[in-house]
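Take the sequence shown: its letter number 155 is residue 155 in full-length UniProt numbering, and every next letter is one higher. Quick reminder that beta carbons are idealized off the backbone N, C-alpha and C, glycines included. Read through the structure below, which is laid out as structure tokens, and then see the notes.
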Amino acid sequence: MRLIRKLVHLFVPHESNNHKAKILHNSSLTILTLCLVLYQGLLTFFPRFGPKILGYAANIPPDEVIRLTNEKRVAAGVGPLVTNTTLSQAAQAKGADMLTKDYWAHVSPDGTQPWFFFTSFGYKYRYAGENLARDFSDPASAVEAWMASPSHKENLLSSKYKEVGVAVVEGDMAGVDTTIIVQFFGTNLVDTLPETPIAQVQASVPSPTLAPDTLPLVVVTSTPTPVPTTAPLLVEAPTSAQTTSSKVLISPFTTTRGISLVVIILLGAIMIIDVVVTARRKTFRIGGRTLAHLAFLGMILAIVIIARAGEIL
């Protein structure tokens, strides 16, 4: 009985709470807000001092990323890309470099460009490009995020590229376990060199008394200079992840989204109960804006529902 009275006091308009659910009072809402802010702060700073937080150790096959990429290219009328193992190895090295040096950017803190990894593995390119993604739960959502960005879409659908290599690297970044997708596009320099004309020599009977009137002309062909495409700068070979038992299996985005949904739905339900009860009891309230608050909560709820994890670069 005491528990029921306590629940009524918290969630239902009653004389004990001045005819307004206690949880809707300014003091209660302030405490609730502070708790949410504290939780978010713990997710941000706790990994620096305590156990690491597992962000996304997603199962993303590189071959599936390539397949979905080629689907988009074919649908756009562009030829599919050929998987190149050298590019995949270079992409793997780029992902490992980001985790080792703890950076999320096209260019490393020491100034290393993405194209360094192409040439390090012996890939001499005429055109080169890079797309990055992290913390996506599946390949389709990562590819769709690239397609939604004009610069990444241009890379993904460019007819200049003939080959692709993809690596999915898992590891620690800024205290949080993450999954990084590195997509390297390229066109081999050899594939773009102009063919050297081969002179056809006609057989003739040599004459010992005559010398040739002119010397043969040597034709020198120019070699095009490799020009990398500009990597998109925005304001996001397979490897197995090794997860230790000491890590706390928490996904910051998933837990924050889940808690936000619970809080918003709870407040919305309490406000609806408040409207129904006060209407039935014909309770007069000065300054009540419950409907406006419900509309505001509905807008936040919609944003939380459509929010998706993941970042591209």
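query: Exposed or buried, ASP63, counting other C-beta atoms within 10 Å across all chains shown (16 or more means buried)?
result: ASP63 should be labelled exposed.
DSSP-derived helix/strand/coil call for GLY129: It is a strand residue.
message: Which residue marks the beginning of the beta strand (DSSP E) containing VAL168, and which one marks its end?
response: In this chain, the beta strand (DSSP E) harbouring VAL168 covers 163-173.
Inter-residue spacing [alpha-carbon to alpha-carbon] between GLY50 and LEU42: With a pLDDT of only 49 at GLY50, under 50, the local geometry of the prediction cannot be trusted, and the value read off the model is given with reservation. If I take the Cα positions, the gap works out to 10 Å.
- request: Take every Cβ of the segment 32-39, pair it with every Cβ of the segment 114-122, and state whether three or more of those distances are shorter than 8 Å.
  value: At 8 Å Cβ cutoff, the stretches do not touch.
Coil, strand or helix - GLY122 by DSSP: Three-state result, GLY122: coil.
message: In the DSSP output, which residue or residues are listed as bridge partners for PHE185?
response: Per DSSP, GLY129 and VAL164.
message: Does ASN131 pass the burial test, meaning 16 or more other C-beta atoms within 10 Å, or should it be called exposed?
response: When all chains shown are included, ASN131 counts as buried.
task: Can you give me the start and stop residues for the alpha helix (DSSP H) that VAL143 sits inside?
output: Here the alpha helix (DSSP H) through VAL143 covers 139-148.
field: Residues sharing a beta bridge with ARG134, DSSP
entry: Bridge partners of ARG134: ILE180 and GLU311.
- prompt: By the 10 Å Cβ neighbour count, where 16 or more other Cβ atoms means buried, how is VAL168 classified, buried or exposed?
  reply: For VAL168, the number of other beta carbons within 10 angstroms of its own is at least 16, and it is reported as buried.
- prompt: Any idea what DSSP makes of VAL82, helix, strand or coil?
  reply: VAL82 falls in the strand class under three-state DSSP.
task: Out of ALA128, LEU157, SER159 and ALA142, point me to the one whose CA is closest to LEU189's CA.
output: Out of ALA128, LEU157, SER159 and ALA142, ALA128 has the C-alpha closest to the C-alpha of LEU189.
Spatial neighbours of GLN113 in its chain, beta-carbon cut-off 7 Å, leaving aside the 5 residues before and after: Excluding sequence positions up to five before and after GLN113, its CB lies within less than 7 Å of the CB of VAL107, all in the same chain and listed in chain order.
C-beta atoms of GLY186 and TYR103 nearer than 8 Å: Contact flag unset, no.
query: Considering only the beta carbon of each residue, do ALA148 and ALA142 sit closer than 8 Å?
result: Taking a C-beta distance under 8 Å as the contact criterion, ALA148 and ALA142 do not qualify as a contact pair.
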